[in-house]
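Chemist: Below is a structure I'd like to ask you about.
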Amino acid sequence: MNRVQAVVFDMDGVLVESEDLWLRARTEFAASIGRVWTAEDQVATMGCNTAAWARIMVQRLELQAHPGMDEAGVAHEIITRMQALYAAHLPAREGAVQAVRLAATHYRVALASGSPRALGEHVLRATGLDDILTVTLYGDEVEHGKPAPDVYLRVLERLGVHPEDAVGVEDSGNGIRSLHAAGMGIIAAPSPGYALSAEMLALAGAHIHSLTEFSMALVESAGAHRPGQHG
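Take the position in the sequence shown, starting the count at 1, then add 26; the result is the number in the numbering used here.
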C-alpha cells in the first residue's frame, strides 16, 4: 500500500510557465507609471497570494501616495494584464498535464495556488485539468497566503488527508516554505530560469528539473522524507 494518499500541485511555475508572464505584466505596469520592477522584486512575489504580492508591489514601487494605486488598484491592474496574456497564449509547462494525470491514477490530486480563482479556472479549463483535480483552492480564499501553510492545510482538510500522508509540488521558495510549515512531503520543481536556494532544496524530499521526470517512485520518496530532515 502506498504511504502517500494525496498529491497537491501548485499552479504558477508548476502547471504553467507563467512566472515570465507575471514578470512582464508587472514590468510593463511599472513602466507605465514611471517605475522600475526588477527580477529581484519578482522573486519576492513568487508563490504569494494577491493581497501579499499587491502589498509588496505598493511598497517596492513606492506607490503609497500615487492616486488610485493602492493594493486593490494594483491587483486589478496586474490581474487584468494577466488575463489578457493568458488569452493570447497559455504556456503549459512541459510534462505538467501528464504528471497530474499520472498522479491521479494512484492518489487524490488537488491544486493549491496563490493565484486568484479567476485566473486559476482559466488555466484548468485550458489544460483540461478541471475535471481531474479533486479539490482546488486559491490564494484569495484563505486569510494567509504562502509561505503560511493555510492553503495546503485547507486543501488537505477538504481531502480528508493528514499532512504526513501528502506530498506537494512547488517551484518557489515561498511555496516550499508553505509545504514545510504544513508538514507535507515536498517535491521541488523550480521553474526554468528561477533557481531555488540550497536552503529550500534541503527541505525537499525530491528535486526535479522537469515535470517529465515525475513518477510514483518520486512521490513516495518525497513522502518518506519529513520536512526538516536533511538526507
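C-beta: ideal position from N, C-alpha, C; glycine also.
1. For R107, I'd like the list of residues in its chain whose CB is within less than 6 Å of its CB, leaving aside the five on either flank, ordered along the chain.
2. Using the beta-carbon count (16 or more within 10 Å), is G219 buried or exposed?
3. The alpha helix (DSSP H) with V181 in it runs from where to where?
4. Can the beta-carbon of W63 be found closer than 8 Å to that of A70?
5. Looking at V135 and V33, is the spacing between their C-beta atoms short of 8 Å?
6. Take V42 and list the residues in its own chain whose beta-carbon comes closer than 8 Å to its own, dropping the five residues that flank it on each side.
7. If you check the beta carbons only, do G171 and V177 fall under 8 Å apart?
8. Helix or strand or just coil, what does DSSP make of Q31?
9. Identify whether G140 lies in helix, strand or coil by the three-state DSSP scheme.
10. What are the start and end residues of each continuous beta strand (DSSP E) run of 3 or more residues lying completely inside the region 101–164, in chain order?
11. Locate the alpha helix (DSSP H) running through I82, then write down its first and last residues.
12. For E142, tell me which candidate among V168, D46 and L89 has the shortest Cα-Cα distance.
13. Should S204 go down as buried or exposed, given a rule of 16 or more other Cβ atoms within 10 Å for buried?
14. DSSP three-state call for G211: helix, strand or coil?
15. First and last residue of the beta strand (DSSP E) that includes G249?
16. Helix, strand or coil for A192? Go by DSSP, reduced to three states.
17. Quick one, which of T162, R29 and E88 has its alpha-carbon nearest M37's?
18. Check H235 in the structure and name its three-state DSSP category.
19. Any idea what DSSP makes of V42, helix, strand or coil?
Modeler: Reading from the atomic positions:
1. For R107, where only same-chain residues beyond five positions count, the Cβ hits under 6 Å are A51.
2. exposed
3. Run containing V181: D176 to L185, per the alpha helix (DSSP H) assignment.
4. no
5. yes
6. L116, P117, A118, R119, A122, V149 and T153
7. yes
8. coil
9. Looking at G140 - three-state DSSP - the assignment turns out to be coil, as it is neither helix nor strand.
10. Counting whole runs of 3 or more residues, the region 101–164 contains the beta strand (DSSP E) stretches 134–139 and 161–164.
11. T76 to R86
12. Residue identity check: residue 142 is Pro in the sequence provided, not Glu. The shortest C-alpha separation from P142 is found at V168.
13. buried
14. Strand at G211.
15. Per DSSP, G249 lies in no beta strand (DSSP E) segment; the continuous alpha helix (DSSP H) that holds it begins and ends at M242 to A250.
16. strand
17. T162
18. coil
19. strand
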